[in-house]
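Input: a single structure, listed below in C-alpha cells.
There are 2 protein chains.
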Amino acid sequence: MARWQPDARGRLQQAALTLYGERGYENTTVAEIAEHAGLTKRTFFRYFADKREVLFFGSQALEELFVTEVGAAPESATPLDAVAAALDAAAAMFEQRRESAARRQQIIAANRELQERELIKLASLAGAVAQALRLRGAEDPAAILTAEAGITVFRVAFERWVDQANRQPLQRLIRESLDELRAVTAA
Amino acid sequence: MARWQPDARGRLQQAALTLYGERGYENTTVAEIAEHAGLTKRTFFRYFADKREVLFFGSQALEELFVTEVGAAPESATPLDAVAAALDAAAAMFEQRRESAARRQQIIAANRELQERELIKLASLAGAVAQALRLRGAEDPAAILTAEAGITVFRVAFERWVDQANRQPLQRLIRESLDELRAVTAA
DNA sequence: CGGTTGATGTCACTTGGTGTCATGATCGTA
DNA sequence: TACGATCATGACACCAAGTGACATCAACCG
C-alpha cells in the first residue's frame, strides 16, 4: 500500500478546475483546492508557484510544439509560413481537447488576474517562436514581429473558436484571421 | 494651514518610483511607500487598487489619446493608417518624457508581475483602438487584428527605443517596425 | 537491518489587500 | 457665528497568498 495517493499534481489541477469553475477563481482558496485533493496548502505551493499557475501547467508543452513546428518547416518557407504551419499543428492539438479547452478559457475570461497570466504566457510563447525564427535565419525586428503577429492571429481565432455558436474548426478560423491580417496590412 | 499635504496620489507615485527603482519592486512594501509619502498603507490602497497599479496610472490618458487620434484620422484613411497616425501622436508624447519613461520601463522589465500588468494594459489599449476603428466602419475581425498589430508595432518599437544605445527617435522606430510588419505579412 | 531519500505535513511568519469605525478640518448654510 | 454634513485620512482587526524551517514516515538500498 502506497503511503500517498498517486498524481498529486493532477489531483490538484483537477480540484482547481472544478472549484474555479463552480465558485469562480476569487471565491476559491488554495487551502480549499488542497483539501479537495487530499493535500495541504503547503503541498500545493510545492507543485505550483502560485494560485494562477495551476491553470497554465500545459503551456510549456505548447511552447515546445510551436518551436518544433517552426523548426520543422521547409527551409524555403517564409517566416510567416513557418509560423502558419505551427499554428496549424497547434490547432489540430486543441481540436482534440475542445471541451476542456473551452471550460478552461471560460474560467480565465472571468478573472483579470488569470487574463494577465495568460497574456504573459502568450508573450513568452511569442518570444520562443521568435527565437525559433532566428535559428532559421530571420533577422530582428522581422523575427519578433512575425512571431507576435502569428500569436495574435492565434489568439483572435482561438477566442472566436471557444465562444462561437457556429462550430467552425479552429484551423479554418486561423487561416481566415491570417488572411485578414494580410489584407489589413497590405500597403 | 492645510491639515494634509497636497497631492497625496502624486507623492505616493513618486515614492513608489523611487523605492522600486532603488530596491526593486519585490523588496519594497506598500507600508514603506506610504511612509515615504507621509501616509499609511490604508491610504495607498484608497488611491491605487494594488501595489502594481501605482506605476500604471497614466495608462487611461494614453488610451484616450489613441482613441482620439484614431477618430480624428481622415475618413479616407485605411484602418491601419488611422492607427499609424495614433502611434505617431503617442510617439511624440513619449519623446517629451523620454527619461522618466525609460526609468519606469526599466522597473517593469525587472519584474514579472509588473510585466503582466503592462501586458493587460496594452491589451486593453488594443481593445479601445479596435472599438475606435469599428466606429469608423471597420468590421471584425479586421478591426481587432489591425488594433493588435498596431499595438504590437508600438511595443516592439518602444522596447528598442528605451534600451537602445543609438538614439533614434521613437517615431522613426515605429515607422520602421510598421514597414517591417508590412514586409513580413506580404503574401 | 539500519541509514538515506523524498513526498508530505506542521507551524510560524510576512505581506497584500479589505471592512469598519474614529477623527478632525473644511465648507455650506441658517 | 454656529452647527451639521462632508471628506480625506488614520487605526485596527482580519483574511488569504506565499515562504522558510523543521518534523514525519514509507520506501528503497546497501
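The listed protein sequences derive, respectively, from chains A and B.
Numbering that gives the first Met the number 0 numbers the first residue of the first sequence as 0 and each following residue consecutively.
Numbering that gives the first Met the number 0 numbers the first residue of the second sequence as 0 and each following residue consecutively.
Yeah, the Cβ is synthetic: ideal placement off N, Cα and C, and Gly gets one too.
In this text the structure is predicted, and so the values were computed from the model without any measurement.
The residue from B:Gly136, B:Ile106, B:Leu124 with its alpha-carbon nearest to that of Ala89 of chain B is B:Leu124.
Chain-order list of chain A residues neighbouring Ala60 of chain B: empty, with the shortest C-beta distance near 20 Å, by a criterion of under 8 Å. For the pair Ala146 of chain A and Gln95 of chain B, the Cα-to-Cα distance works out to about 30 Å.
Within the region 139 to 167 of chain A, the residues whose Cβ lies closer than 7 Å to any Cβ of chain B are, in chain order, Pro140, Ala141, Ile143, Leu144, Thr145, Glu147, Ala148, Thr151, Val155. Along the region 45 to 76 of chain B, none of the residues has a CB nearer than 9 Å to a CB of chain A. Assigned with DSSP and collapsed to three states, Ala76 of chain A falls in coil, not helix or strand. Around the beta carbon of Ser176 of chain A, 16 or more other beta carbons sit within 10 angstroms, so the residue counts as buried. In this model, Gly57 of chain B and Pro73 of chain B are separated by some 27 Å (Cα to Cα). Note on geometry: alpha-carbon atoms of Arg97 of chain B and Val161 of chain B lie some 8 Å from one another. Counted as a single uninterrupted DSSP element, the alpha helix (DSSP H) harbouring Ala100 of chain A occupies residues 97 to 108. Contact check for Ile143 of chain B against Val155 of chain A passes: the beta carbons are separated by less than 8 Å. Counted as a single uninterrupted DSSP element, the alpha helix (DSSP H) harbouring Glu158 of chain A occupies residues 141 to 162. At a cut-off of 8 Å between beta-carbon atoms, Arg181 of chain B makes contact with chain A. Cβ-Cβ separation between Thr184 of chain A and Ala81 of chain B: approximately 13 Å, too far for a contact (criterion under 8 Å).
Ranking B:Ala122, B:Arg102, B:Ser99, B:Ala83 by CA distance to the CA of Leu172 of chain B puts B:Ala83 first. Distance from the Cα of Leu169 of chain B is smallest, within the candidate group B:Ala33, B:His35, B:Gly20, B:Met92, for B:Met92. Going by beta carbons, Ala15 of chain B and Thr42 of chain B fall outside the 8 Å limit. Within chain B, the C-beta atoms nearer than 7 Å to that of Arg116 of chain A come from Glu115, in chain order.
Phe55 of chain A and Glu158 of chain A have their C-alpha atoms roughly 17 Å apart.
Of A:Asp178, A:Ala164, A:Gln59, the smallest CA-CA separation from Glu117 of chain A is found for A:Gln59. Contact of Ala85 of chain B with chain A is not assigned, every C-beta pair being separated by 8 Å or more.
Using a Cβ distance threshold of 8 Å, Val152 of chain B and Leu132 of chain B do not count as a contacting pair. Contact with chain B is found for Arg111 of chain A, since one of that chain's Cβ atoms lies less than 8 Å from the residue's Cβ. Of the candidates A:Arg10, A:Asp139, A:Ala101, A:Phe44, A:Asp139 places its Cα closest to the Cα of Asp178 of chain B. In the structure shown, Lys50 of chain A falls within a coil segment according to DSSP collapsed to helix, strand and coil. DSSP places Leu38 of chain B in the coil class of the three-state scheme, outside both helix and strand. The C-beta of Leu79 of chain B comes closer than 8 Å to at least one C-beta of chain A. Chain B places a beta carbon closer than 8 Å to that of Ser176 of chain A, counting this residue as a contact.
In this structure, the alpha-carbon of Gln13 of chain A lies about 39 Å from that of Ile32 of chain B. If you look at Glu62 of chain A, you'll find it in the alpha helix (DSSP H) that goes 58 to 71.
Within the same chain, Cβ atoms closer than 6 Å to the Cβ of His35 of chain A are found at Ala14, the five residues on either side in sequence being excluded. At a cut-off of 8 Å between beta-carbon atoms, Ile119 of chain A makes contact with chain B. Leaving aside the five residues that flank Thr27 of chain A on each side, the residues in its chain whose CB is nearer than 7 Å to its CB run, in chain order, Leu18, Tyr19. In this structure Val66 of chain B is in contact with Ala127 of chain B, their Cβ atoms being roughly 5 Å apart against a cut-off of 8 Å.
Straight through space, the alpha carbons of Thr77 of chain A and Gln163 of chain B are spaced by roughly 28 Å. Gln4 of chain A and Lys50 of chain A have their C-alpha atoms roughly 22 Å apart.
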